[in-house]
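To start, the structure itself, in structure tokens.
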Amino acid sequence: MTSVITLLTDYGLEDGYVAACHGVIAGIAPQARVIDVCHLIPSGDVRRGAAVLAQTIPYLPLGIHIGAIDPGAGGARRAVAVEAGGRVFIGPDNGLLSWAVHASGGARAAFEISNQEHFLRPVSPTFPGRDVFAPVAGRLFGGLAPADLGPRVPLERLVTLPEPTSLLRDGSVEGEVVSVDRYGNTQLSIPAGDLHALGVRVGDTLGVWLGRRQLSLPYRETFAAVPPGELVAFADSAGLIAIAINSGDAAQRLGLPPGAHVRLSPTP
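In this note's numbering, each residue's number is its place in the sequence shown (first place is 1) plus 1210.
Quick look at the structure:
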């Protein structure tokens, strides 16, 4: 049963964009509980938004989930509603929703959001979050069927982001930086289980290759297990390996942007 509407955007908090979306939803579905997932995604960073939504969705009630991160707003890309795992995901068809859809068990059906009778009028070409996604979410909460939003979209034609990879080989595991949070912690695509498969346990030392650079880092339960200013690797709340600095910015010190290649291995 739908119980919430959630919002993930790159709108920031300095302007009234988020409030406008809340207001539209409240005007159509005043009984809906709205949960703000995040509004501080770096502008246009679809991959970061996809990671945040996918890692948050297991902890959210079933509902309608809006993703509004769209560097192509006003262009030719379509808006979609995707049904997955008892949820409906609404947003641009640019891959933003794809990891959360996968985390919800995979898409069951998808529809182009093109029936303008469910939009605000007039529609601003640069603010679909307010004029398309928010009113559609409110009407879906009220009982509108996703099929009434527009024509069905073949699932194989939905835009998907390449899944972050983790590859075990030759006594090491290779992955990439999935995202960097506001603290500068760098989350890798490498699950803690892959390190354990190599025999690495908390308390050990990791060999870390960042391109041509090689480091040795302590593998601990949390960043607080090392002195302030020291680097550390640990399994984060999503079960993925992260590299951090206690009271510092690891991404800045190491020059690790999202997508950077990383290799980890046990040390003798």
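For glycine and all other residues, C-beta sits at the position ideal for the given N, C-alpha and C. Fair warning: this is a prediction, and the values are worked out from it, not measured in the lab.
Quiz prompt | C-alpha gap between G1413 and V1292, whole angstroms | solution = Translated into the one-based positions of the sequence shown, residue 1413 becomes position 203. Translated into the one-based positions of the sequence shown, residue 1292 becomes position 82. For G1413 and V1292, the distance between alpha carbons rounds to 43 Å.
Quiz item: E1386 bridges to which residues according to DSSP?
Solution: Counting from 1 along the sequence shown, the entry for residue 1386 is found at position 176. H1471, per the DSSP bridge assignment.
Self-check item: Spatially closest choice to L1398 from L1474, V1346 and R1367, by CA coordinates
Solution: Residue 1398 sits at position 188 when you count from the first residue of the sequence shown. Selected option, being the one with the closest Cα: L1474.
Exercise. Under the assumption that P1467 contacts G1409 (Cβ atoms under 8 Å), give the Cβ distance between them as a whole number of angstroms.
Key: In the sequence shown, counting from the first residue as 1, residue 1467 sits at position 257. In the sequence shown, counting from the first residue as 1, residue 1409 sits at position 199. Contact doesn't hold; Cβ gap of about 30 Å is too wide.
Practice problem: Could you tell me the boundaries of the alpha helix (DSSP H) in which I1238 lies? | Solution: For this step, residue 1238 is matched to residue 28 along the sequence shown. Here the alpha helix (DSSP H) through I1238 covers Y1227 to I1238.
Practice problem: Any chance you could list the beta strand (DSSP E) runs of at least 3 consecutive residues sitting entirely within the region 1432–1468, in chain order? | Solution: 1441–1445 and 1450–1455
Quiz item: Since T1219 contacts G1273 with CB under 8 Å, what's their CB separation in whole angstroms?
Solution: For the purposes of this step, residue 1219 is identified with residue 9 of the sequence shown, where counting begins at 1. For the purposes of this step, residue 1273 is identified with residue 63 of the sequence shown, where counting begins at 1. About 16 Å separates the two Cβ atoms, so there is no contact after all.
Quiz item: Residues bridged to R1362 by DSSP?
Solution: Numbered from its first residue, the sequence shown carries residue 1362 at position 152. Paired residues: F1321.
Quiz item: Does the Cβ of R1446 have 16 or more other Cβ atoms within 10 Å, making it buried, or fewer, making it exposed?
Solution: Here residue 1446 refers to the residue found at position 236 when the sequence shown is read from its first residue. For clarity, residue 1446 is Asp in the given sequence; the question names Arg instead. Buried, because 16 or more other Cβ atoms sit within 10 Å of the Cβ of D1446.
Quiz item: Do the region 1246–1257 and the region 1350–1370 touch if we need at least three Cβ pairs shorter than 8 Å?
Solution: Segment contact: the region 1246–1257 against the region 1350–1370, fewer than three CB-CB distances shorter than 8 Å; contact not assigned.
Exercise. Just list the beta strand (DSSP E) runs in the region 1383–1423, keeping only unbroken ones of 3 residues or longer that don't cross its boundaries, in chain order.
Key: 1396–1401 and 1415–1420
Practice problem: Please report the residue range of the beta strand (DSSP E) in which G1277 lies. | Solution: Counting from one through the sequence shown, the residue named residue 1277 turns up at place 67. Run containing G1277: G1273 to A1278, per the beta strand (DSSP E) assignment.
Quiz item: In three-state terms, what does DSSP make of Y1269?
Solution: Within the sequence shown, the letter at position 59 stands for residue 1269. DSSP, reduced to helix, strand and coil, places Y1269 within a helical segment of the structure shown.
Quiz item: DSSP three-state call for P1252: helix, strand or coil?
Solution: As a working mapping, residue 1252 is identified with position 42 in the sequence shown. Residue state, collapsed to three classes: coil.
Quiz item: With burial defined as no fewer than 16 other Cβ atoms inside 10 Å of the residue's Cβ, what is the status of R1481: buried or exposed?
Solution: This structure does not reach residue 1481, given that the chain is present from 1211 up to 1478, and the question cannot be answered.
Quiz item: Does the distance from the C-beta atom of G1277 to that of L1263 stay below 9 Å?
Solution: Against the sequence shown, residue 1277 aligns to sequence position 67. Against the sequence shown, residue 1263 aligns to sequence position 53. A contact, by the Cβ cut-off of 9 Å.
Practice problem: Reducing DSSP to helix, strand and coil, say where R1243 ends up. | Solution: On the sequence shown, residue 1243 is found 33 positions in, with the first residue counted as 1. Three-state DSSP puts R1243 in a strand.
Quiz item: How many angstroms separate the CA atom of I1279 from the CA atom of G1301?
Solution: Working through the sequence shown from its first residue, we reach residue 1279 at position 69. Working through the sequence shown from its first residue, we reach residue 1301 at position 91. Using only the alpha carbons, I get a separation of about 8 Å.
Self-check item: Three-state secondary structure (DSSP) of V1214
Solution: Position 4 of the sequence shown, counting from 1, holds the residue named residue 1214. Strand, per DSSP.
Self-check item: Close Cβ partners of A1261 (< 6 Å) along its chain, the five nearest in sequence each way excluded
Solution: Counting from one through the sequence shown, the residue named residue 1261 turns up at place 51. Once the five neighbours on either side are set aside, the close Cβ partners of A1261 are V1388 and S1389.
Quiz item: Do L1378 and I1451 have their C-beta atoms closer together than 9 Å?
Solution: As a first step, residue 1378 is located in the sequence shown; it is residue number 168 there, counting from the start. As a first step, residue 1451 is located in the sequence shown; it is residue number 241 there, counting from the start. Result no, Cβ atoms of L1378 and I1451 do not sit closer than 9 Å.
Quiz item: Can you name the residues that DSSP bridges to F1299?
Solution: Your numbering for residue 1299 matches position 89 in the sequence shown. DSSP, once it has assigned bridges, lists H1275 and V1292 as partnering F1299.
Quiz item: Would T1396 pass as a contact of A1460 if the rule is Cβ separation under 9 Å?
Solution: In the sequence shown, residue 1396 corresponds to position 186, counting from 1. In the sequence shown, residue 1460 corresponds to position 250, counting from 1. Result yes, Cβ atoms of T1396 and A1460 sit closer than 9 Å.
Quiz item: Would DSSP call R1258 helix, strand or coil?
Solution: Here residue 1258 is taken as the residue at index 48 of the sequence shown, counted from 1. In this structure, R1258 counts as helix in the three-state DSSP scheme.
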